[in-house]
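Chemist: Position 269, counted from 1, in the sequence shown is what this note's numbering calls 277; the numbers after and before it change by one each time, with no gaps.
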Amino acid sequence: MPDAFAGQSELRLGGRIAAVAEVLAVYVPLMAVWRIAERSAVAEMDQRVFFHPIGLTVLALIVLPLFIVGIAGRSIGAYGLCFAQPIRQIGAGLIAFAILLPFFLMVPVIGHIGFARKEATGAAILLVVFAVALVVMGLAARKLPAALCERTPGRGIAAFLLILAVGLVAAGVPHPLQRQTTAVVYGLLAVGFGEEIFFRGYVQSRLNQAFGRRFRRWSVSWGWGLVLTSLLFAAAHAVNPHGGIWWSMWIFPVGLIFGLIREKTGSIIPSALAHGLPVTIGLLTL
């Protein structure tokens with residue numbers, strides 16, 4: 009079976025150190041600035057226009073990593089943002105979403121029975137839930153298509169940015185369905201695609217270059233980049249003003265799940281759909 013990361017060779021020691029240093033030099037200041045920005049007038053304006061922090065999220069998680077990859081002259085496709093075989097990519101994302109939806113539905117379910125997802129007992133329950141989900145997704149990953157990603161044609165990136173721009177306009181202009189539109193744009197594009205572009209696209213790919221993908225499980229080749237990215241993903245939720253340490257505890261296996269999908273398919277599009285669709289459904293049903 010072809011390797012979805014065939015073009016992503018492991019670096020020598022100096023390159024490994026540079027890759028890890030680059031990730032930390034981007035991640036740590038971003039988390040600090042994010043925490044400050046979420047309490048600023050910019051965040052208040054974001055909230056007034058979009059009802060959600062769409063502007064900040066798009067800038068931090070989509071524009072920033074694309075700028076870094078672009079200015080370094082790297083292939084965006086090698087970082088998981090590619091549009092090859094779109095039907096198969098969307099299909100893989102919908103399959104992953106269908107598999108994971110029952111597990112994500114446990115988040116509101118435990119809330120209804122009195123256990124908050126950001127408190128110790130609720131977080132412990134969800135840790136077990138998503139540990140099981142990781143195994144189920146791992147077994148199902150054997151059937152997911154591999155090596156979907158290739159060098160991204162310019163028109164593919166242009167199409168994605170056009171969809172994003174149209175979504176931002178539709179979410180920011182007052183109309184009768186603005187709140188519903190904003191929920192879709194925030195949940196699917198800003199959170200789903202945004203977090204996947206930054207974490208599974210930029211961070212995980214860069215750390216894979218540093219540490220390689222030496223392990224194999226469930227027909228998926230993976231390495232320390234998957235684990236470290238999931239830890240950084242969880243830590244981001246811990247320092248989030250609306251999050252906390254208990255939230256981050258069960259977010260760690262969630263990060264492993266999305267990272268596993270990205271490793272198998274070579275693209276962030278399936279993981280973005282599996283990530284963004286449950287968030288969107290949650291926002292629409294609030």
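Cβ atoms here follow ideal geometry from the backbone N, Cα and C, with glycine treated the same way.
Excluding the five sequence neighbours on either side, which residues of its own chain have a C-beta within less than 8 Å of the C-beta of residue 27, listed in chain order?
Modeler: 19, 214, 215, 217 and 218
Chemist: Looking at C-alpha atoms only, which residue of 286, 258 and 210 is the closest neighbour of residue 271?
Modeler: 210
Chemist: When the distance is taken between beta carbons, is residue 287 closer than 7 Å to residue 199?
Modeler: Less than 7 Å divides the Cβ of residue 199 from the Cβ of residue 287.
Chemist: On the premise that residue 205 lies in contact with residue 69, defined as a C-beta separation below 8 Å, what is that separation, rounded to the nearest angstrom?
Modeler: 6 Å
Chemist: Looking at C-alpha atoms only, which residue of 274, 278, 289 and 285 is the closest neighbour of residue 156?
Modeler: 274
Chemist: For residue 247, which residues in the same chain have their Cβ closer than 7 Å to its Cβ, ignoring the five residues on either side in sequence?
Modeler: 39 and 43
Chemist: Going by the CB atoms, is the gap between residue 208 and residue 279 shorter than 7 Å?
Modeler: yes
Chemist: Examine the Cβ distances between the region 138 to 146 and the region 171 to 188 and report whether three or more of them are shorter than 8 Å.
Modeler: no
Chemist: Among 133, 257, 153 and 242, which residue has its Cα nearest to the Cα of residue 101?
Modeler: 153
Chemist: For the putative contact between residue 50 and residue 32, defined by C-beta atoms under 8 Å, what is the C-beta separation to the nearest angstrom?
Modeler: The pair is not a contact, with the Cβ atoms about 25 Å apart (cut-off 8 Å).
Chemist: From the DSSP output, which residues share a beta bridge with residue 211?
Modeler: Its beta-bridge partners do not exist; DSSP assigns none.
Chemist: Buried or exposed: which applies to residue 245, given that a residue is buried once 16 or more other Cβ atoms fall within 10 Å of its Cβ?
Modeler: buried
Chemist: Am I right that residue 258 and residue 131 are in contact with their C-beta atoms under 8 Å? What's the rounded C-beta distance?
Modeler: 5 Å
Chemist: Does residue 229 come out as helix, strand or coil in the three-state DSSP assignment?
Modeler: strand
Chemist: Is the separation between the beta-carbon of residue 194 and that of residue 84 shorter than 7 Å?
Modeler: Contact: no.
Chemist: Can you tell me which residues form a DSSP beta bridge with residue 224?
Modeler: According to DSSP, which records beta bridges pairwise, residue 224 is partnered with 229.
Chemist: Applying the criterion that 16 or more other CB atoms from any shown protein chain within 10 Å of the CB defines a buried residue, is residue 301 buried or exposed?
Modeler: Beyond the ends of the chain as shown, which are 9 and 294, falls residue 301; an answer cannot be given.
Chemist: Within the continuous alpha helix (DSSP H) that includes residue 22, where are the two ends?
Modeler: For residue 22, the enclosing alpha helix (DSSP H) has its first and last residue at 21 to 45.
Chemist: Tell me which same chain residues have a C-beta within less than 7 Å of the C-beta of residue 150, skipping the five on either side of it?
Modeler: 226 and 227
Chemist: Should residue 265 go down as buried or exposed, given a rule of 16 or more other Cβ atoms within 10 Å for buried?
Modeler: buried
Chemist: Which residues in the same chain have their Cβ closer than 7 Å to the Cβ of residue 109, if we skip the five residues on either side of it in sequence?
Modeler: 286
Chemist: Taking the CB atoms as reference points, tell me whether residue 34 and residue 138 lie closer together than 7 Å.
Modeler: no
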